[in-house]
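Quick notes on the structure that follows.
Okay, here's the thing in structure tokens:
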């Protein structure tokens, strides 16, 4: 009976957390703030402890998730509604390199040493401080880098190279299955696809591991 109760609470806690993440919205791991990370840990700990506490039931787990979720949602609502609160609740970006010069005060303020700064810069392709004109430490702990013009990659305009319009590739086949919605969005049907596959000596889409189409390059097919 005890195992049934634990299983019930686990399933309920799982779907409660899943529903909460859907309500709070999508955020990439690299975009979460320190507070977001701590909030997620605390919420997981609360649910985990509740599941294995014999005195806790499904209703108490629900109460825990709802209250904590409401607090997080309220905080997100406040920061989205009133811009001035973002600096207090989420923090503000810090300029750690300005016109090629390291701002030591900002490093101290953000508890960032030179080795950590160099590590962040290397992750952005800047292996020397001399390459960097501006660097901003974001609120999520990542760094945004603007290189000096002589160290930055040349653009097509710099090289006077004509460029074609950017196009979105459509995934047409994955693991032998036709992605019908993508095929339709690309403006084609399965009859067209069958004709195209014949050019690759493929009679059935099941023989294709992956296929995509884009306007500039046409159809790409990789068989099993």
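In our numbering, the protein residues as written are 74 to 297.
Ideal Cβ placement from N, Cα and C applies to all residues, glycine included.
All values reported here derive from a predicted model rather than from experimental measurement.
Query raised in the report: Hey, residue 212 and residue 164: beta-carbon distance below 7 Å or not?
Result: Sequence index remark: in the chain shown, residue 212 carries index 139 (1-based). Sequence index remark: in the chain shown, residue 164 carries index 91 (1-based). Between residue 212 and residue 164, the C-beta spacing is below 7 Å.
Query raised in the report: Going by the beta-carbon positions, is the gap between residue 235 and residue 269 smaller than 7 Å?
Result: Residue numbering aside, residue 235 sits at position 162 when the chain shown is read from its first letter. Residue numbering aside, residue 269 sits at position 196 when the chain shown is read from its first letter. Contact: no.
Requested in this report: Kindly give me the distance between the Cβ atoms of residue 199 and residue 205, rounded to whole angstroms, as I take these residues to be in contact under 8 Å.
Outcome: Here residue 199 refers to the residue found at position 126 when the chain shown is read from its first residue. Here residue 205 refers to the residue found at position 132 when the chain shown is read from its first residue. Rounded to the nearest angstrom, the Cβ distance from residue 199 to residue 205 is 5 Å, consistent with a contact under 8 Å.
Requested in this report: Spatial neighbours of residue 218 within its chain, please: CB distance less than 7 Å, with the 5 preceding and 5 following residues excluded, ordered by chain position.
Outcome: Here residue 218 refers to the residue found at position 145 of the chain shown. Closer than 7 Å at Cβ, skipping near neighbours: 194, 197, 199, 205 and 208.
Query raised in the report: Hey, would you say residue 240 sits closer than 7 Å to residue 287, going by beta carbons?
Result: Your numbering for residue 240 matches position 167 in the chain shown. Your numbering for residue 287 matches position 214 in the chain shown. With contacts defined as CB atoms closer than 7 Å, residue 240 and residue 287 qualify as a contacting pair.
Query raised in the report: If you drop the 5 nearest sequence neighbours on each side, which residues of the same chain put their C-beta closer than 8 Å to that of residue 296?
Result: If you number the chain shown from 1, residue 296 lands on position 223. Within the same chain, residue 296 has close Cβ partners 273, 275, 280, 281 and 282.
Query raised in the report: Between residue 138 and residue 89, is the Cβ-Cβ spacing less than 7 Å?
Result: Translated into positions along the chain shown, residue 138 becomes position 65. Translated into positions along the chain shown, residue 89 becomes position 16. Closer than 7 Å, so yes.
Report task. Using 10 angstroms around the beta-carbon of residue 120, count the other beta-carbons present and answer buried if the total reaches 16, otherwise exposed. Result -> If you number the chain shown from 1, residue 120 lands on position 47. Burial is judged here by how many other beta carbons sit within 10 angstroms of a residue's own beta carbon; residue 120 has at least 16 and is buried.
Query raised in the report: Per DSSP, what kind of secondary structure is residue 235 in: helix, strand or coil?
Result: Counting from one through the chain shown, the residue named residue 235 turns up at place 162. Secondary structure of residue 235 (DSSP, three-state): coil.
Report task. Classify residue 282 as helix, strand or coil using the three-state DSSP reduction. Result -> For this step, residue 282 is matched to residue 209 along the chain shown. Strand.
Query raised in the report: residue 252 and residue 244 look like a contact to me (Cβ under 8 Å); what is the Cβ gap, rounded to whole Å?
Result: As a working note, residue 252 is residue 179 in the chain shown. As a working note, residue 244 is residue 171 in the chain shown. The beta carbons of residue 252 and residue 244 sit about 6 Å from each other, so the pair counts as a contact at 8 Å.
Requested in this report: Counting only runs of 3+ residues fully inside the region 190-277, write out the beta strand (DSSP E) ranges in chain order.
Outcome: Entirely contained in the region 190-277, the beta strand (DSSP E) runs reaching 3 residues are, in chain order, 205-210, 216-220 and 243-247.
Query raised in the report: Across which residues does DSSP place residue 167 in a beta bridge pair?
Result: The residue you call residue 167 lines up with position 94 of the chain shown. 210, per the DSSP bridge assignment.
**Report entry** Environment of residue 256 [buried if 16+ CB atoms lie within 10 Å]
**Finding:** In the chain shown, residue 256 corresponds to position 183, counting from 1. Residue 256 is buried by the Cβ-count criterion.
Query raised in the report: In whole angstroms, what separates the C-alpha of residue 301 from that of residue 122?
Result: Past the edges of the chain, shown from 74 to 297, lies residue 301, and the structure says nothing about it.
Query raised in the report: On the three-state DSSP scale, how would you describe residue 184?
Result: By one-based count along the chain shown, residue 184 stands at place 111. Looking at residue 184 - three-state DSSP - the assignment turns out to be coil, as it is neither helix nor strand.
Requested in this report: Grab the span of the beta strand (DSSP E) containing residue 133 for me, first residue to last.
Outcome: Residue numbering aside, residue 133 sits at position 60 when the chain shown is read from its first letter. Segment 131-154 is the alpha helix (DSSP H) holding residue 133; no beta strand (DSSP E) there.
Requested in this report: Quick one: grab the DSSP three-state call for residue 173.
Outcome: Numbered from 1 along the chain shown, position 100 holds the residue referred to as residue 173. Here residue 173 sits in coil by DSSP.
Requested in this report: Check each candidate in 223, 242, 238 and 115 and name the one with the smallest Cα separation from residue 258.
Outcome: The residue you call residue 258 lines up with position 185 of the chain shown. When each option's Cα is compared against that of residue 258, the closest is 242.
Query raised in the report: Does DSSP put residue 18 in a helix, in a strand, or in coil?
Result: Nothing in the structure corresponds to residue 18, since the chain is present only between 74 and 297.
**Report entry** Buried/exposed call for residue 116, threshold 16 Cβ in 10 Å
**Finding:** As a working mapping, residue 116 is identified with position 43 in the chain shown. By the Cβ-count criterion, residue 116 is buried, with 16 or more other Cβ atoms from all chains shown falling within 10 Å of its own Cβ.
Query raised in the report: Between residue 179 and residue 169, is the Cβ-Cβ spacing less than 7 Å?
Result: As a working note, residue 179 is residue 106 in the chain shown. As a working note, residue 169 is residue 96 in the chain shown. In contact: residue 179 and residue 169 (Cβ atoms closer than 7 Å).
Query - Whole-angstrom distance between residue 230 and residue 166, CA atom to CA atom - result: Here residue 166 refers to the residue found at position 93 when the chain shown is read from its first residue. Here residue 230 refers to the residue found at position 157 when the chain shown is read from its first residue. The alpha-carbon atoms of residue 166 and residue 230 are separated by roughly 31 Å.
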